[in-house]
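To keep things clear, I will list the structure first and then write my remarks on it.
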Amino acid sequence: MCRSKYQFIGYKRQIISEIKSSCTDPRHDQQYYCGVQNVFTAVVDAARGPLGDPFDRKYRVTVKQVFKGDDVALNTTISIYGRSHSCGPTILDLKREYNIYANKNGPRLEVVSHEEVPPAYVERLKMYDCTCQIDIHKPSNPSSVNYEDAPDKCVVATHGRDCQFRNGYCKKTNNLCSWELFPSALQTTNCVQVL
């Protein structure tokens, strides 16, 4: 079957668009926290192995604090996305501290997500409630944000950039999962608890 070059360009744009959108879907760190076996903060000491590995980049890290999981060694190696990942390779800065969300796969500690450690991070982790799920939908109107309570989840319509999403979490109160702001967010940001 012969296709015109315009059809090919259209397919190529669609594929690139789908790849880009898969790299930017909003996710809340509570989703990562509840979805992995291990959560810890660590300082990156060195890159290990060939940096050109298409599938993995490996880093030697010193674990500072473990929040979830009890089988993480103080000095360990983590595996993270290599250059063949659709969003490109993940590069961690040496001597920088990161929050690591990871799963064990045999002896390998595979990173699902990471972020630089925010100042109020420890207090945030203590508030996460894994009995509640977060169900995110992109709203049809970019400026609209909506939070709905349910018995087992918080239904959130957001693009991930609004203050309540970035400074909140889903917690069960009176048998209902609801979206709440971190106490520090109420004091230090312009977020309001009108959800």
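Residues in the sequence shown are numbered from 485 upward in steps of one, following the numbering used here. For glycine and all other residues, C-beta sits at the position ideal for the given N, C-alpha and C. This structure is a prediction, so every number in the text was calculated from the model and none was measured.
Among the bridge pairs identified by DSSP, Ile620 is matched with Val640. Secondary structure of Cys647 (DSSP, three-state): helix. Counted as a single uninterrupted DSSP element, the alpha helix (DSSP H) harbouring Gln514 occupies residues 513 to 519.
Under the criterion of beta carbons closer than 8 Å, Tyr582 and Ala526 qualify as touching, at roughly 6 Å.
When the five nearest sequence neighbours on each side are left out, the beta carbons in the same chain lying within less than 7 Å of the beta carbon of Glu664 are those of Gly652, Tyr653, Lys655, in order along the chain.
Taking the Cα positions, Ala557 is about 12 Å away from Lys588. For Lys552 against Val596, the beta-carbon gap comes to about 12 Å, at or over 8 Å, which does not count as contact. The C-alpha of Gln514 lies about 31 Å from the C-alpha of Gly533. In this structure, the straight-line span from the alpha carbon of Tyr631 to that of Tyr543 is close to 38 Å. Distance between Asp540 and Glu594, taken at the CA atoms: about 9 Å. Here His621 is exposed. Its C-beta has fewer than 16 other C-beta atoms within 10 Å. The continuous beta strand (DSSP E) containing Val528 extends over residues 522 to 532.
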